[in-house]
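So the protein sequences, as listed, match chains S and L.
The working numbering applies: residue 113 is where the first sequence begins, and numbers increase by one.
The working numbering applies: residue 3 is where the second sequence begins, and numbers increase by one.
All residues carry an ideal CB built from backbone N, CA and C; glycine is no exception.
Remarks on the structure that follows.
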Amino acid sequence: AQSVTQLGSHVSVSEGALVLLRCNYSSSVPPYLFWYVQYPNQGLQLLLKYTSAATLVKGINGFEAEFKTRETSFHLTKPSAHMSDAAEYFCAVSQNTGFQKLVFGTGTRLLVSP
Amino acid sequence: SQTIHQWPATLVQPVGSPLSLECTVEGTSNPNLYWYRQAAGRGLQLLFYSVGIGQISSEVPQNLSASRPQDRQFILSSKKLLLSDSGFYLCAWSVPTGSNSPLHFGNGTRLTVT
């Protein structure tokens, strides 16, 4: 079965610094991968998705992620952090069951300091 | 455009009391519907999913049940709540075809069982 692992439950950066949130996947077939963001007491919002087209995927709010087969990774990056980026981020993989069934990582909380 | 509504936003219930959380989707037909639970520090756990009216699949054995009485309505229930049922419950929908379509989440219900 497909799974994802997010390294680091918390990541702290300064405003203006590079954001790097790590996600590694395990899948026996080419995966569909997603990044979601969750602000406090809200649902999850889709940031971006990889569906076997371009390996570099651009999302909303200046985020992007690169799919790397050899490293089995799908890390999320943003060149310059903003205070409003402080939130929890989830990586997810589709189970490829013929309909959408996502398995989520445990999440990484991004803290942004001034 | 499609929208998803979840209510109530917060709920405090005593142990042993019943539960009913409701979720409705607008602007789409025959969506796949999902209930997830988010416990602190544990990511998201898929509880139930449904591909059509009256069709419910349970992912984990538990004290909860789900029903889909109408195409765009999904209900999460319990006859007697346990302390361990506390958590953040998220409803989501996706288009009915394809493993590469994203999930769209409601704003969640914070349930506290006392």
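Closer than 8 Å at the beta carbon, the chain S residues around N32 (chain L): Numbered from its first residue, the second sequence carries residue 32 (chain L) at position 30. The premise fails here: N32 (chain L) is roughly 11 Å from chain S at the closest Cβ pair, so nothing lies under 8 Å.
Between the CA atoms of W9 (chain L) and V205 (chain S) - distance to the nearest angstrom: Locating residue 205 (chain S) in the first sequence gives position 93, where the first residue counts as 1. Locating residue 9 (chain L) in the second sequence gives position 7, where the first residue counts as 1. Spanning the two alpha carbons is a distance of roughly 27 Å.
Top-ranked residue by Cα proximity to L130 (chain S), from S:Q154, S:P191, S:V123 and S:Q207: Numbered from 1 along the first sequence, position 18 holds the residue referred to as residue 130 (chain S). Nearest to L130 (chain S) by C-alpha distance, out of S:Q154, S:P191, S:V123 and S:Q207, is S:P191.
DSSP has G89 (chain L) in a bridge; who is on the other side? The residue labelled residue 89 (chain L) in the question sits at position 87 within the second sequence. DSSP lists L:L113 as the beta-bridge partner residues of G89 (chain L).
Under 8 Å by Cβ, that's how I've got W148 (chain S) and Q114 (chain S) pegged, so tell me the actual separation to the nearest angstrom. Here residue 148 (chain S) refers to the residue found at position 36 when the first sequence is read from its first residue. Here residue 114 (chain S) refers to the residue found at position 2 when the first sequence is read from its first residue. The sequence given here has Tyr at residue 148 (chain S), not Trp. Going by Cβ atoms, the distance from Y148 (chain S) to Q114 (chain S) rounds to 16 Å, so no, they are not a contact pair.
At a Cβ threshold of 8 Å, is R112 (chain L) touching chain S? The residue you call residue 112 (chain L) lines up with position 110 of the second sequence. Answer yes: the Cβ-Cβ gap between R112 (chain L) and chain S drops below 8 Å somewhere.
Please state the DSSP three-state secondary structure of S206 (chain S). In the first sequence, the residue the question calls residue 206 (chain S) occupies position 94. Reduced to three states, the DSSP call for S206 (chain S) is strand.
At a CB distance below 7 Å, what residues from the segment 136-149 of chain S approach chain L? Give them in sequence order. Within the segment 136-149 of chain S, the residues whose Cβ lies closer than 7 Å to some Cβ of chain L are Y144 and F146, listed in chain order.
Please tell me whether S206 (chain S) has its Cβ less than 8 Å away from any Cβ of chain L. By one-based count along the first sequence, residue 206 (chain S) stands at place 94. It does; some Cβ of chain L falls within 8 Å.
When the Cα atoms are used, what is the spatial distance from V123 (chain S) to L223 (chain S)? Locating residue 123 (chain S) in the first sequence gives position 11, counting from the first residue. Locating residue 223 (chain S) in the first sequence gives position 111, counting from the first residue. In a straight line, the C-alpha of V123 (chain S) is about 6 Å away from that of L223 (chain S).
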